[in-house]
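Engineer: The structure under discussion is supplied below as structure tokens; questions concerning it will follow.
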Amino acid sequence: MIHDARALRPGGRITCDLCVIGSGPGGATVAALAAEAGLKVVVLEPGDYITPGQMNQREEQMLPRLLWQAGARMSTDHGTRIHQGKGVGGSSLHNLNLCKRVPPELLERWHRDRHLEHLPPAAWGPLYDEAERLLSVTSVPAEAWNRHNRILQAGTEALGWRGGGLAHNRTGCLGSGFCELGCAFDAKNNAAKVFIPRLMKAGGSVVTHAQAVRLDTRDGRVRGVSAVIVDAADPQAVGTLEIVAPRVCVSASATGTPALLLRSGLMDPGGETGRRLHLHPAVVVAGDFDEPVRAWEGIPQTYECTEQLDFAEGSDKRLWIVPAFGHPMGVATMLPGHGEAHAALMARFAHMAVLVAMLHDETNGRVDPDGDLGLTIDYRPTPPDRRSLAEGLVHGARLLFAAGARRVIVPMFPSRILDRPEQAAALAEVSIDPGTISLSAVHPMASVPMGDDPRVAAVDSRGRHHQVEGLWISDGSLFPTSIGGPPQLSIYALGLHVGRQIVAAG
Ligand SMILES: Cc1cc2nc3c(=O)[nH]c(=O)nc-3n(C[C@H](O)[C@H](O)[C@H](O)COP(=O)(O)OP(=O)(O)OC[C@H]3O[C@@H](n4cnc5c(N)ncnc54)[C@H](O)[C@@H]3O)c2cc1C
Ligand code: SF4
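Take the sequence shown: its position 497, counting from 1, is numbered 496 in numbering that gives the first Met the number 0, and each next residue is one higher.
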């Protein structure tokens, strides 16, 4: 059953075998597996249960329903905007469906550096195979690549760079282009479509508008969760709920999870919780083309340029380049200028191709709780990360010119508009700081990195908290480092792993 907490008696108590906090890829997977193994499972989710029929393709209505702070969550220095989803399914509701495995060299390094005895590199292959099968992951056929993606392909090939098509978890996709606002056609094989029905069938429940605020622990064991009933539009606590459970799995995302663990005051000898956040921060550049691009039509993000991404240890190639998808509001907030100058750029909306260069980042950001309902994110890129992001502007501009852009627009202050490819190299000198350029991030991760040494890590490679019996973590927080690519497939794989560990632990 799906219950709306606002219809429950405030101050009420729910008893279950496992409480899962958060219903995104990490939480939904664990919840389904545990319920199928016979546990009574209750999932808490602050957002709405949004059905495909309610995905009305209106930016101004869907973004506040689908995203925390309506998409305006910012780092404390206002330098990075962090997009994170809410609602049953978490960020998988509105994400762009790209699925990619973490490369073996990174898995080997994790194993070497973090002693992941319960999740060695060889264990990932079967987990990925299973996740790909469950999510029906397939390569998007080249015939379905839209002009926006073909522009990136053309630029990549013209420069003789490395690139190729991407795999997605969609079935029956009509190419409407509205993925980021949720799929009205139920074509996304996401957490809400694949795992929540399995949870329901096995007798589990989801309580929407319920936000965990503290983990209740005593004598080194978790006893349950203190939660509040929230009004989704503008989270305000309108009541309390108590969940009594001998097992709790925190899957509140790489920001929500460390905020909750820290607010709960759990022991953490290594002090890593919330101190190693990675974001894949990104810069964007826009190309203005003579022929219409109409980037909003068709499937977004089907082609990647991997020339600037190399996972060898110490490599300074750490940029993953894909087309940036944008509906009119999103593009308008990104383009520089005001008044007539801004209107003149927006008049070229249909002719624009926008590329995003995402960084496989080394910066350790910080998450802290802010009162009972909020959190803060402190993220200031290190000098090497800033240099790489500036290089991202250069590479994006070169790709767009190579694909035939008439001019390239760099959203920064003061804005730069380039009309010749030779001008691209100078972008390497752009100062990546909040006063000059805004970064965006859609992949928070690695904020409670797993590791088997309890003196270092808070959570082991089963997803089990080292200090609190019965407490588990399953979400993007667990990655030991940034992963340099789309994370959801690996989070589903982790969910399968952690779900089985919870069941096996009894
Ligand atoms: C615009 C966009 C596009 C993306 N595109 C892709 C893509 O194409 N491919 C890809 O691999 N990844 C993509 N991602 C990222 C991907 O969606 C996330 O990495 C993934 O969903 C994270 O899964 P998770 O389970 O860790 O957390 P989430 O999906 O964030 O789920 C966490 C859930 O916990 C809930 N929660 C938070 N705090 C609490 C609390 N205190 N109590 C109870 N519940 C709580 C949240 O509301 C949320 O529903 C994209 C992200 C964005 C923003
Ligand atoms: S492009 Fe496909 S997956 Fe995206 S919203 Fe349209 S039908 Fe759904």
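Even for Gly, the Cβ is constructed at its ideal location relative to N, Cα and C.
Since the structure is predicted, the reported quantities are computational estimates derived from the model, not experimental observations.
#1: If you measure between the beta carbons of I242 and A258, is that distance less than 9 Å?
#2: Just verifying my parser: in three-state terms, what is the DSSP assignment at S489?
#3: I'd like to know if the stretch 402-422 and the stretch 51-60 are in contact, where contact means that at least 3 CB-CB pairs between them fall below 8 Å.
#4: Does the structure place the stretch 118-130 close enough to the stretch 320-335 that three or more beta carbon pairs sit under 8 Å?
#5: Helix, strand or coil for G494? Go by DSSP, reduced to three states.
#6: Is the beta carbon of G163 within less than 8 Å of some heavy atom of ligand 4?
#7: Among R317, R293, A294 and I298, whose alpha-carbon lies nearest the alpha-carbon of C304?
#8: Around the C-beta of R132, are 16 or more other C-beta atoms found within 10 angstroms, so that it is buried, or is it exposed?
#9: Three or more C-beta pairs closer than 8 Å, one from the stretch 443-459 and one from the stretch 268-280: is that the case here?
#10: Please name the residue in L495, A503, G505 and R80 whose C-alpha comes closest to that of A122.
#11: Please work out which residues of its chain come closer than 7 Å, Cβ to Cβ, to A33, disregarding the five sequence neighbours upstream and downstream, and give them in chain order.
#12: Curious, which full-length alpha helix (DSSP H) runs of at least 4 residues does the stretch 145-200 contain?
#13: Could you tell me whether the Cβ atoms of M73 and I376 are closer together than 9 Å?
#14: Quick check on the burial criterion: 16 or more other C-beta atoms within 10 angstroms. Buried or exposed for L523?
#15: Quick check: the Cα distance between A190 and V212, rounded to an integer number of angstroms?
#16: Mapping DSSP to helix, strand and coil, what is M345?
#17: Could you check where the beta strand (DSSP E) with V455 kicks off and where it finishes?
#18: Ignoring anything shorter than 4 residues or poking outside the stretch 215-286, list the alpha helix (DSSP H) runs there in chain order.
#19: Hey, A440 and L388: beta-carbon distance below 9 Å or not?
#20: Quick one: measure Cβ to Cβ for V393 and A285, integer angstroms, because I've assumed they're closer than 8 Å.
#21: Output the residue ranges of the beta strand (DSSP E) runs that lie fully inside the stretch 340-393 and measure 3 residues or longer, sorted by chain position.
#22: Taking 8 Å as the cut-off, is the beta-carbon of L133 closer than that to any non-hydrogen atom of ligand 1?
#23: Taking all protein chains shown into account, decide if R419 is buried (16 or more other Cβ within 10 angstroms of its Cβ) or exposed.
Structural biologist: With the structure as the only source:
#1: Remark: C-beta atoms of I242 and A258 do not approach each other more closely than 9 Å.
#2: The DSSP-derived three-state label of S489 is helix.
#3: Not touching, per the Cβ criterion.
#4: Three or more beta-carbon pairs separated by less than 8 Å are not found between the stretch 320-335 and the stretch 118-130, which leaves the two stretches without contact.
#5: G494: helix per DSSP, three-state reduction.
#6: For ligand 4, the structure offers nothing, since it holds only ligand 1 and ligand 2.
#7: Closest by alpha carbon: R317.
#8: Exposed is the call here.
#9: Yes, the stretch 443-459 is in contact with the stretch 268-280.
#10: Out of L495, A503, G505 and R80, L495 has the C-alpha closest to the C-alpha of A122.
#11: So the qualifying residues of the chain are L17, V40, G498, I501 and V502.
#12: Those alpha helix (DSSP H) runs which fall completely within the stretch 145-200 and span 4+ residues are 146-157, 190-193 and 195-200.
#13: Taking 9 Å as the Cβ cut-off, M73 and I376 qualify as a contacting pair.
#14: For the chain, the structure presents residues 0 to 505; residue 523 sits outside this window and is missing.
#15: The alpha-carbon separation between A190 and V212 amounts to approximately 23 Å.
#16: Helix, per DSSP.
#17: Unbroken run through V455: none, as it is neither H nor E.
#18: The stretch 215-286 contains, as complete alpha helix (DSSP H) runs of 4+ residues, the segments 252-262 (chain order).
#19: No, the Cβ-Cβ distance between A440 and L388 is not below 9 Å.
#20: Your pair V393 and A285 does not check out as a contact, with CB atoms roughly 15 Å apart and the cut at 8 Å.
#21: You should have 351-358, 365-369 and 373-377.
#22: Checking the Cβ of L133 against ligand 1 gives no.
#23: Classification of R419: exposed, given that the 10 Å Cβ count is below 16.
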